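A short write-up of the structure that comes next.
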Amino acid sequence: MGKLNGTPYRVVTGPEGLLPPAATIMGVPLPEEGEGLVEGGIVTEAEALEKAAIAMLTRKNATLFPGPLVLWGWNDHTNEKAKYFFDVADEIPGVRIIPMPDYRPIYPKIDPEAVINPCHPNLTISHNKIEACVFIGVHCHYASITLKMIRAGTNCFTIALCAEAGHEDAMVSVPNFDIEKLILFKEALIKVKKNGIKPLYEGKGIVPTGWSQIAALKGEIPIKPEDELVEAGTGAFSSELETGLDDTAE
Amino acid sequence: MSLKTIEAAPGFKDYLPQEYKDLIDDGPFLKQRKVSELGSFKEAIEEHPMCSGCAMTLFIRLVYVGLPSIENTVICGTAGCGRLAISQGAVPFVYGNYGDTNAVATGIKRGLDIRFKEQNKDVVVMAGDGGLADIGFHAVMHSWFRKEKFTTIMLDNEVYGNTGGQDSGMTQKGMVMKMAPTGKKFEKMDMLGLAKTAGVAYTARLAPTNPTRVANTVRKAVLIAREVGPTFIQAYTSCNIEYAIPTPKVMDDARAVEKDRYQFVEYFSDEAKAYWDDSEKERKRLRKAAKQSG
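The listed protein sequences correspond, in order, to chains S and F. The opening position of the first sequence corresponds to residue 1128 in this note's numbering, with each subsequent residue numbered one higher. The opening position of the second sequence corresponds to residue 64 in this note's numbering, with each subsequent residue numbered one higher.
In structure tokens, the structure reads:
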């Protein structure tokens, strides 16, 4: 465990309560280049990446949350980064990829299997029982509030791979996260598996989530609930339900 | 920045929710959609939390169709019913604090003009009568005095709709509201007259009874704002809750109010008129040339 820089405050998995203090207020510092943050303490970048790798391999329903900065092909760098993102995904058996395409408040309803929204990220985390996740490509001001909400209300282990200064409210954070560091994260995943960490979902690939993903990735049109409706009088036991069961029948 | 923000990075499209795939494949971007095409393409807004039968939502849908370059537009709004729908549109939305919406829009427009010298970036303020005529009045007037080149659209529902029915400056004199039980004491503000006095280049008043007219008026206002100066649209968008208009009668109400006191009017400054006539001629010439070339 890294040095605590004078603060006893630890950024650990929640639920911490409705209004947890911002980690920065509690004295948690940001990591410098070459460093990482693990549960509020400064460690080396390699240690942070290993801790993140172990969490993603061993906790339930590990999920990658790509944000707008990696999801949309708005420049050459993003297009290049996409390949390395999927390289990382391929090293995590059974991983899910749930996008955060933008920051619009999604009302009146959200499909928590298909999308995560910074205004209520806990819905997606809780619905899918996600116990470890990576945020990448999310603008910092939204990432900060999202991480705090997740820590407040769920038991999810959050990892913020940030292209800027990092995030105190994540359980693991590495700053200046560019393509080179994505490669290092992939190598960390390979290394910890080689060192004996057994992935929870060994043998599985990326698990599609949400009907749109399932349709796109498996080439299937999943049955929607309304397709399963049975017209009155045509389903099993229909006549019995209409006329009432005969309690005296043998 | 580039317009590739509306394309997914390689490999990511399969992971997007269907709504986003539809926006990429069949959205309103990079082409001028028409009102007659509504229902045949993925609109910038579909689901929203507005009240059933809300005329404001219909108007907002039509504004999105009318924007001449939706992918290069930033919408600025503030507290009020409208922002509940506008903030969910697939167009960048900036929330100005109550009162400073047009000041925020000024900053955005000036910043965009500095950053994107070769590309028109449109800024449109879309907020309610409370946000623009009452609490945001000073910022609206000063943006007009300064001749800021953006469009201000007032969603005039003549009431503070989502705070319980207080009368606004745009409420009709004598109107009894839930929170104005003795009736409003003063005349409805003459925002059109104020706009004219302040030197607004193009001013229009309309009700959402004619969808094509709404879209065309918005397009006209945004194009004139790009080249000439501030433009203003005052739109009647009734609050069927606070005015107790039965949901199926909302459009009947709009037609009745339009006939009574909300007729379509538009006013051009001399400069705006000259610009618009020239650009209309040019558009006609281009259309003719395109027709001739097959």
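Even for Gly, the Cβ is constructed at its ideal location relative to N, Cα and C. All of these numbers come straight from a predicted model, not from anything done at the bench.
Checklist entry - Among F:Q235, F:T214, F:K212, which one has its Cα closest to the Cα of F:V222? => result Taking the first residue of the second sequence as 1, we reach residue 222 of chain F at position 159. A check of alpha carbon separations from F:V222 across F:Q235, F:T214, F:K212 identifies F:Q235 as the nearest.
Checklist entry - Counting pairs of beta carbons, one from the segment 1152-1170 of chain S and one from the segment 1315-1334 of chain S, are three or more of them closer than 8 Å? => result no
Checklist entry - On the three-pair Cβ rule with 8 Å, is the segment 1215-1224 of chain S touching the segment 1186-1202 of chain S? => result yes
Item to check | chain S residues whose Cβ lies nearer than 7 Å to that of F:T68 | outcome: Here residue 68 of chain F refers to the residue found at position 5 of the second sequence. Ordered by position in chain S, the residues that pass the 7 Å Cβ test against F:T68 are W1199, W1201.
Checklist entry - So is F:S150 buried or exposed if we call it buried at 16+ other beta carbons inside 10 Å? => result What you label residue 150 of chain F is simply residue 87 of the second sequence in a count that begins at 1. So F:S150 counts as buried.
Checklist entry - Hey, would you say S:P1228 sits closer than 8 Å to S:T1273, going by beta carbons? => result By one-based count along the first sequence, residue 1228 of chain S stands at place 101. By one-based count along the first sequence, residue 1273 of chain S stands at place 146. For S:P1228 and S:T1273, no; Cβs fall outside 8 Å.
Item to check | Cα-Cα separation between F:I123 and S:A1290, rounded to whole angstroms | outcome: Residue 123 of chain F sits at position 60 when you count from the first residue of the second sequence. Residue 1290 of chain S sits at position 163 when you count from the first residue of the first sequence. Computed Cα separation, rounded: 36 Å.
Item to check | Buried/exposed call for F:A353, threshold 16 Cβ in 10 Å | outcome: Taking the second sequence and counting its residues from 1, one reaches residue 353 of chain F at position 290. Flag for F:A353 reads exposed.
Checklist entry - Under a CB-based cut-off of 8 Å, is F:A196 close to chain S? => result Looking up residue 196 of chain F in the second sequence gives position 133. No, F:A196 lies away from the interface with chain S (no Cβ there is under 8 Å from its Cβ).
Checklist entry - In chain order, what residues of the same chain lie with their CB nearer than 6 Å to the CB of F:E321, ignoring the 5 residues before and after it? => result For the purposes of this step, residue 321 of chain F is identified with residue 258 of the second sequence, where counting begins at 1. So the qualifying residues of the chain are A270, T272.
Next on the checklist: Check whether the segment 1207-1217 of chain S and the segment 1173-1182 of chain S are in contact - that is, three or more C-beta pairs closer than 8 Å.
Outcome noted: no
Next on the checklist: According to DSSP, F:C139 sits in a beta bridge with which residue or residues?
Outcome noted: Here residue 139 of chain F refers to the residue found at position 76 when the second sequence is read from its first residue. BP columns for F:C139 point to F:V157, F:V188.
Checklist entry - Residues of chain S with a CB under 7 Å from the CB of F:Q81: which are they? => result Here residue 81 of chain F is taken as the residue at index 18 of the second sequence, counted from 1. Here the neighbours are S1339.
Item to check | Cα-Cα separation between F:F92 and F:A71, rounded to whole angstroms | outcome: Here residue 92 of chain F corresponds to residue number 29 of the second sequence, with the count starting at 1. Here residue 71 of chain F corresponds to residue number 8 of the second sequence, with the count starting at 1. Their backbone Cα atoms lie some 14 Å apart in a straight line.
Checklist entry - What's the gap between the Cα of S:T1205 and the Cα of F:G74? => result Taking the first sequence and counting its residues from 1, the one referred to as residue 1205 of chain S is at position 78. Taking the second sequence and counting its residues from 1, the one referred to as residue 74 of chain F is at position 11. Between S:T1205 and F:G74, the C-alpha separation is close to 12 Å.
Item to check | When S:P1335, S:V1139, S:I1252 are compared against S:V1155, the one with the closest alpha-carbon | outcome: Here residue 1155 of chain S corresponds to residue number 28 of the first sequence, with the count starting at 1. Of S:P1335, S:V1139, S:I1252, the residue nearest in Cα terms is S:V1139.
Item to check | Reference F:E290; option with closest CA among F:I304, F:L86, F:C114, F:Y265 | outcome: Along the second sequence, read from residue 1 onward, the residue named residue 290 of chain F stands at position 227. Comparing Cα positions, the closest option is F:Y265.
Next on the checklist: List, in chain order, every chain S residue whose beta-carbon is nearer than 8 Å to that of F:P73.
Outcome noted: For the purposes of this step, residue 73 of chain F is taken as the residue at position 10 of the second sequence. Simply G1200, N1206, A1209, K1210.
Checklist entry - Any chance the CB of S:D1238 is under 7 Å from a heavy atom of the ligand MN? => result Here there are no bound small molecules, and the ligand MN is not part of this structure.
Next on the checklist: To the nearest angstrom, how far is the alpha carbon of F:M233 from that of F:K180?
Outcome noted: Here the question's residue 233 of chain F lines up with position 170 in the second sequence. Here the question's residue 180 of chain F lines up with position 117 in the second sequence. Approximately 38 Å, taken between the alpha carbons.
Checklist entry - Do S:A1297 and S:P1147 have their C-beta atoms within less than 8 Å of each other? => result The count along the first sequence starts at 1 and reaches residue 1297 of chain S at position 170. The count along the first sequence starts at 1 and reaches residue 1147 of chain S at position 20. In this structure, S:A1297 lies away from S:P1147, with their beta-carbon atoms at least 8 Å apart.
Next on the checklist: Quick check on the burial criterion: 16 or more other C-beta atoms within 10 angstroms. Buried or exposed for F:E211?
Outcome noted: Working through the second sequence from its first residue, we reach residue 211 of chain F at position 148. Buried: at least 16 other Cβ atoms inside 10 Å.
Checklist entry - So F:N160 packs on F:D192, CB below 8 Å; how close in whole Å? => result As a working note, residue 160 of chain F is residue 97 in the second sequence. As a working note, residue 192 of chain F is residue 129 in the second sequence. At roughly 17 Å, the Cβ-Cβ gap does not stay under 8 Å, so F:N160 and F:D192 are not in contact.
Next on the checklist: Whole angstroms are fine: how far does the CA of F:Y325 sit from the CA of F:M254?
Outcome noted: Against the second sequence, residue 254 of chain F aligns to sequence position 191. Against the second sequence, residue 325 of chain F aligns to sequence position 262. So the alpha carbons of these two residues sit roughly 13 Å apart.
Next on the checklist: Three or more C-beta pairs under 8 Å: does that hold for the segment 171-189 of chain F against the segment 235-250 of chain F?
Outcome noted: no
Item to check | Same chain, Cβ closer than 6 Å to F:D359, neighbours up to 5 away in sequence not counted | outcome: Here chain F has residues from 64 to 357 only, and residue 359 of chain F is not among them.
Item to check | Where S:P1158 falls, given that 16 or more other Cβ within 10 Å makes a residue buried | outcome: Position 31 of the first sequence, counting from 1, holds the residue named residue 1158 of chain S. Buried.
Item to check | Interfacial residues, the segment 181-209 of chain F to chain S, with Cβ spacing under 7 Å | outcome: So the list is empty, because no residue satisfies the distance condition.
Checklist entry - Taking the Cβ atom as the reference point for each residue, do S:E1160 and S:P1326 lie within a distance shorter than 8 Å? => result On the first sequence, residue 1160 of chain S is found 33 positions in, with the first residue counted as 1. On the first sequence, residue 1326 of chain S is found 199 positions in, with the first residue counted as 1. No, the Cβ-Cβ distance between S:E1160 and S:P1326 is not below 8 Å.
Checklist entry - Are the C-beta of S:P1235 and some C-beta of chain F separated by less than 8 Å? => result Taking the first sequence and counting its residues from 1, one reaches residue 1235 of chain S at position 108. Yes, because at least one Cβ of chain F sits closer than 8 Å to the Cβ of S:P1235.
Checklist entry - So, F:L24 versus F:M189, is the Cβ gap smaller than 8 Å? => result For residue 24 of chain F there is no data in the structure shown, the boundaries of chain F being 64 and 357.
Item to check | Classification of S:M1128 by the beta-carbon crowding that lies within 10 angstroms, buried from 16 upward | outcome: On the first sequence, position 1 is the one that residue 1128 of chain S refers to. Interpretation of S:M1128 is limited by its pLDDT of 47, a score under 50 that renders its predicted location unreliable; the figure taken from the coordinates is listed afterwards. Under this definition S:M1128 is an exposed residue.
Checklist entry - Quick one: which chain S residues come within Cβ less than 8 Å of F:Y299? => result By 1-based counting over the second sequence, the position of residue 299 of chain F is 236. Chain S residues near F:Y299: none, gap ~25 Å exceeds 8 Å.
Checklist entry - Taking the C-alpha atoms as reference points, what is the distance between S:A1343 and F:P274? => result Residue numbering aside, residue 1343 of chain S sits at position 216 when the first sequence is read from its first letter. Residue numbering aside, residue 274 of chain F sits at position 211 when the second sequence is read from its first letter. Their Cα atoms are separated by approximately 36 Å.
Next on the checklist: Taking the alpha helix (DSSP H) that F:Q355 belongs to, which residues open and close that run?
Outcome noted: In the second sequence, counting from the first residue as 1, residue 355 of chain F sits at position 292. 333-355 is the extent of the alpha helix (DSSP H) around F:Q355.
Next on the checklist: Residues of chain F with CB closer than 7 Å to the CB of S:A1343, please, in chain order.
Outcome noted: Counting from 1 along the first sequence, the entry for residue 1343 of chain S is found at position 216. Among the residues of chain F, those whose CB is under 7 Å from the CB of S:A1343 are D77, following chain order.
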